[in-house]
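To start, the structure under review is shown below, and the notes come after it.
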Amino acid sequence: MSQDDPHAHNDAVDLPTPTAWPIITAFGLTLVFFGLVTNLFVSLIGSLCALVGAIGWFTDVFPHPKHETVPYVPVDERVKEICREGREVTHLNPGEEGHREHVVFGAVHPYSAGVMGGLAGAVVMAIVACAWGLLAQGSIWLPINLLAAVGDPGLANASMEVMKQFSFVGLIVAVIVHLTTSVLVGLLYTVLLPMLPAKREWIWGGIVTPIIWSALIWSTIRFISPTLAEHVNWMAFVASQIVFGLVCGFIVYRSTNVATQQTWSVSRRLGVEAQRPNKKS
Amino acid sequence: MEFINQPVPEGEEAPWRLPSTRKAGMICLILTESALFSIFVVAFVFYMGKSLNPPYPSQIMEPPWLASASLIGSSFTIMIAEWFLKRNRTFGFNIWWIITVLMGAYFLGFTAYEWHDLIY
Amino acid sequence: MAHGPTTASEEYIEVAPSRPGQEKGSFTRIIQELVFTVDHKKLGLMYIGSGLFFFVIAGLMATLIRIQLAIPNNHFLEPDVFNRFFTMHGTAMVFIVGMPIIFGFANYLVPIMIGARDMAYPRMNAFGFWMFFFSGFLLYASYFAGPGLYNAGSAPDVGWFAYSPLTSRAFSRGHSSDYWTLALFSGGIGSIATAINLIVTTVSLRCKGMTLGRMPLFVWTFLVVAFLVIIAMPPLAACQIMLLLDRYLGAAFFDTQNGGSAILWQHFFWIFGHPEVYILILPGFAIMNEIVPVFSRKPIFGYPIMVAANLMIAFISLGVWAHHMFTVGMSSVGNAFFAITTMLVAVPTGIKIFNWLGTMHGGKIRMELPMLFCIMFLFQFLIAGLTGIMLAVAPFDWQLSDSYFVVAHFHYVLIGGLLFTIFAGIYYWYPKAFGRMLDNKLGHLHFWLFTIGFHVTFFPQHISGFLGMPRRYYTYDAGRGWDLWNMISTIGVIFQAAGIFFFVLNLIWSYWKGRKAGDDPWDAWTLEWATTSPPPDYNFEHLPVVHSRRPLWDLKHPDDPDWKYE
Ligand SMILES: [Cu+2]
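Protein chains in written order, with the numbering used here: chain A, 5 to 285; chain B, 13 to 132; chain C, 17 to 582.
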């Protein structure tokens with residue numbers, strides 16, 4: 005009736021006319037395939053059948069798709085009125101008693117602080133690692149190539165002499181590995197630090213976490229990079245980790261906190277609403 | 013159901029328009045076809061220059077100029093036919109439509125001949 | 017609906033004829049209606065019905081496979097019969113059980129949920145159904161036709177992914193592989209037709225006010241599924257064509273003895289095969305998206321992110337196919353790439369699981385049968401996802417590829433994930449389709465028997481896989497540590513079969529004896545509940561107008577409608 009519904013009349017509606025052409029076409033096509041595994045004669049019959057079906061189908065939709073007018077079902081068989089009685093909606097308000105306890109986070113550190121902290125930590129960590137290479141092993145390139153061996157099989161199998169030489173590929177790989185890992189760990193710090201207990205976040209971020217992290221690496225590094233495991237000096241490794249943790253943790257810790265949806269109550273974020281029991285039914 | 017009489021939010025009176033079924037259907041069909049043929053193209057590229065023994069393709073095959081022209085040309089003739097159909101000029105439509113069918117049939121026939129020739 | 021000038025041109029309006037001599041409800045009339053129908057609801061039910069029929073056959077094959085494997089050195093089946101059974105079981109379950117059932121749900125529900133009277137191309141819809149239907153019989157005809165019967169059948173025996181060179185002329189004589197190829201090809205034509213139809217219907221036939229942002233998530237998910245179908249099925253059709261050229265005309269695409277490449281087949285097949293997995297599991301998500309909110313009495317949590325997660329899953333699924341091929345010896349860069357993309361899928365999937373939990377959180381949960389199945393889905397799909405991530409780790413996959421661990425993994429996905437939501441959907445929408453509720457007692461019997469049977473059957477397969485049992489083995493020697501787990505596995509089948517028996521019984525019994533459902537038995541919010549059960553041929557007398565994601569909520573609570581909050 006309405007303008008949006010050109011198919012509806014007063015008490016009837018146009019629907020597509022039922023037709024057998026699609027099944028005939030489909031049957032013909034299937035026979036074509038069936039003929040390929042039995043006898044090409046079957047395919048021939050199938051293609052004739054499909055052709056007849058397709059032509060019949062075409063006459064069904066050309067120039068206008070065929071419709072037939074279907075009357076509406078009697079009024080008493082139509083859809084019933086919606087029952088609106090006894091329906092009440094109660095919205096749960098933030099902080100409401102008796103439902104669930106809402107743990108409200110304080111504010112969190114912005115991600116940018118994590119990126120900056122990670123980068124700054126990366127720089128000091130590199131300085132410590134290179135200093136170890138220069139003072140203890142006599143080559144500034146050794147720690148860089150060791151790190152690069154993670155991603156460069158050529159370096160992983162090289163001798164100690166080669167490892168102490170400058171390698172351009174090694175430098176690039178090491179920088180990429182070092183920066184991405186540092187930034188990711190920095191981001192981890194922004195998320196983790198507010199969750200850690202006590203006021204002295206820097207002890208956790210600067211010392212405890214690097215030690216746990218080093219322990220994790222110590223136990224798994226031989227699977228990731230056997231070369232690194234063979235040559236690394238664990239004291240220097242832990243030292244560089246702690247320097248990273250202190251610098252990164254400090255920068256993250258100093259950043260101003262930002263409010264997020266985290267500070268909202270769960271019910272406010274979820275849009276919780278509940279239906280009071282329906283008294284009528 | 014009383015969809016008509018329910019309270020209505022502001023600014024919902026704008027006319028309701030949706031893409032035409034024909035356009036949407038055609039785009040889907042083209043997507044399907046390109047997915048199909050991309051696999052053939054990949055297979056072709058994969059096997060380029062990998063013939064084990066002669067005769068090599070360049071020795072026995074010629075570019076099918078006429079068949080290609082009729083295939084590509086048929087997409088233009090069908091457009092002309094459609095132009096007539098939209099203006100309800102059935103005669104013009106029939107002419108151009110039959111031309112399209114013939115061009116398509118020529119392409120298919122030539123392809124079949126080509127295959128037959130290659131295999132036997 | 018593609019229509020020309022409307023109302024005025026009388027010449028093509030025929031009044032529906034009374035079709036003399038055929039009373040409504042008589043047998044011939046019903047058959048005639050089914051053959052002639054272009055109605056999306058009838059076609060949807062026919063899809064689901066024939067899917068369930070093939071499901072029972074393929075399930076019986078699985079039962080025979082399990083009996084064969086129950087004890088070591090068993091000779092219950094012949095080896096070649098065993099090979100045909102696992103091939104036909106896999107092929108049937110994916111192509112003529114899973115696909116038609118999900119298309120059935122889509123066909124029935126998508127037009128009603130978007131407030132339309134039918135699909136965009138009703139005749140093509142019928143064509144798609146019949147292509148699938150006949151392709152199922154073409155597949156099973158392999159047992160009887162060709163050199164069958166006196167030759168005890170010649171069904172395909174190359175596994176459901178039909179790796180080359182098993183399918184080359186030299187190793188697969190006769191026509192058994194061709195039956196596989198042709199049945200999948202013709203079924204694929206039907207699937208593509210239906211998928212195009214679904215997309216066009218969703219894009220072009222939504223009722224007034226149904227913007228993309230208000231579409232039920234069920235419809236959104238099926239839109240994504242349909243896109244995956246039209247992108248992933250044509251590559252399958254392309255490889256079937258090439259395989260046919262190989263087998264009939266002597267081409268050598270995949271024929272390794274003539275310079276073809278077996279690896280190329282694997283790539284092409286899995287370019288289709290992996291998205292296919294998502295084509296099968298996304299409808300499960302679609303059903304979850306409808307049932308979980310209704311039975312938690314809360315709107316879905318995180319609607320926009322659920323839509324985004326669907327799109328992400330579809331996108332990522334196109335770039336992970338080679339995780340099925342870690343053991344063919346790709347470069348380590350290739351292995352790493354496909355391992356990482358595969359793990360990425362866990363992100364959107366995880367989002368979905370958390371959003372369903374978020375929907376249930378704080379809700380007033382009603383433990384009706386549809387919800388029970390959905391909750392089991394959450395639990396089982398989590399296991400399936402976790403074993404999936406384990407298998408995505410290339411070195412781990414090297415150990416367990418082609419073992420029973422993989423079998424357990426994908427049965428947790430397809431049964432624990434897809435089949436459980438299909439059951440949930442049937443319990444949820446059966447009242448809409450037939451006007452009667454499914455029986456609660458039989459339903460609970462079905463639920464418990466099937467759930468227990470499922471875990472008893474498939475959990476031990478993780479363990480036998482770890483112990484090194486390869487899939488598709490005909491039999492095994494005693495004393496390799498596999499005996500106990502296989503025995504338990506087979507015992508589980510008894511429970512599953514009993515569950516399915518009560519399910520089928522329920523479907524039939526409730527059709528005549530079930531409690532009357534009424535228009536809206538679950539107090540739900542989407543448009544299919546705004547019409548009668550079963551809906552009339554034309555769905556709605558007046559096309560609905562919607563203003564929010566839960567149009568029926570707005571009608572039921574006129575003073576507190578949803579659009580105030582969206
Ligand atoms: Cu996969």
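The C-beta atom is built at its ideal place from N, Cα and C for all residues, glycine as well.
Please read all numbers here as calculations on a predicted model, not as lab measurements.
The DSSP-derived three-state label of V17(A) is strand. Burial check for T123(B): the Cβ neighbour count within 10 Å stays below 16, so the residue is exposed. The beta carbon of M383(C) sits no closer than 7 Å to any beta carbon of chain A. The Cβ of A54(A) sits no closer than 7 Å to any Cβ of chain C. Counting the other Cβ atoms within 10 Å of the Cβ of T227(C) gives fewer than 16, which makes it exposed. For the pair V216(C) and T33(B), the Cα-to-Cα distance works out to about 6 Å. Relative to ligand 1, even the nearest heavy atom lies 6 Å or more away from the CB of H11(A). In this structure, N502(C) sits away from D455(C), with a CB-CB distance that is not shorter than 7 Å. By the neighbour-count criterion, in which 16 or more other beta carbons inside 10 Å mark a residue as buried, K224(C) falls on the buried side.
The beta-carbon distance between Q282(C) and A186(C), rounded to whole angstroms, is 19 Å. This is too long to meet the 8 Å contact definition. One alpha carbon belongs to G204(C), the other to C40(B), and they sit about 15 Å apart. Not one heavy atom of ligand 1 falls within 6 Å of the beta-carbon of V189(A). Proximity of Y76(A) to chain C, defined by a Cβ-Cβ separation below 7 Å, is satisfied. Excluding five sequence positions before and after R222(C), the CB atoms of its chain that fall closer than 8 Å to its own CB belong to I130, G131, A132 and M231, given in chain order. Each of S70(B), A55(B) and R101(B) was checked against the Cα of A278(C), and the nearest Cα belongs to A55(B). In the structure shown, A161(C) adopts coil according to DSSP, grouped into three states.
Ligand 1 never approaches H558(C) closely enough for any of its heavy atoms to be under 6 Å from the residue's Cβ. Note: A12(A) is bridge-paired with V17(A) in the DSSP secondary-structure output. Nearest in C-alpha terms to I228(A), of all of D18(A), L150(A) and A135(A), is L150(A). If you draw a straight line from the Cα of P552(C) to the Cα of T23(A), it is about 19 Å long. Look at T231(A): its C-beta is not under 7 Å from any C-beta on chain C. When secondary structure is reduced to three states using DSSP, S419(C) falls in the strand class.
Annotation for H290(C) indicates a beta carbon within 6 Å of some heavy atom of ligand 1. Counting the other CB atoms within 10 Å of its CB gives P127(C) a total of 16 or more, which places it among the buried residues.
With a cutoff of 6 Å, V242(A) does not count as near ligand 1, since its C-beta is closer than that to no heavy atom of the ligand.
Taking non-hydrogen atoms of ligand 1 into account, the C-beta of V429(C) is found less than 6 Å away from none of them. In this structure, A253(C) and L48(B) form a Cβ contact; the two beta carbons are roughly 6 Å apart against a cut-off of 8 Å.
Of the heavy atoms belonging to ligand 1, at least one sits nearer than 6 Å to the Cβ of V293(C).
Contact of V41(A) with chain C is assigned, a C-beta pair being separated by under 7 Å. Neighbours of A30(A) in chain C, taken as residues whose beta carbon is under 7 Å from its own, are F143, W146, M147 and F150 in chain order. P75(A) is bridged by DSSP to A16(A). With a threshold of 7 Å between beta carbons, R139(C) makes contact with chain A. Rounded to whole angstroms, the separation of the alpha carbons of D413(C) and S419(C) is 10 Å.
Assigned with DSSP and collapsed to three states, K35(B) falls in helix. DSSP places M387(C) inside the alpha helix (DSSP H), whose first and last residues are L385 to A408. With respect to F177(C), Q256(C) sits apart: the two C-beta atoms are not nearer than 7 Å.
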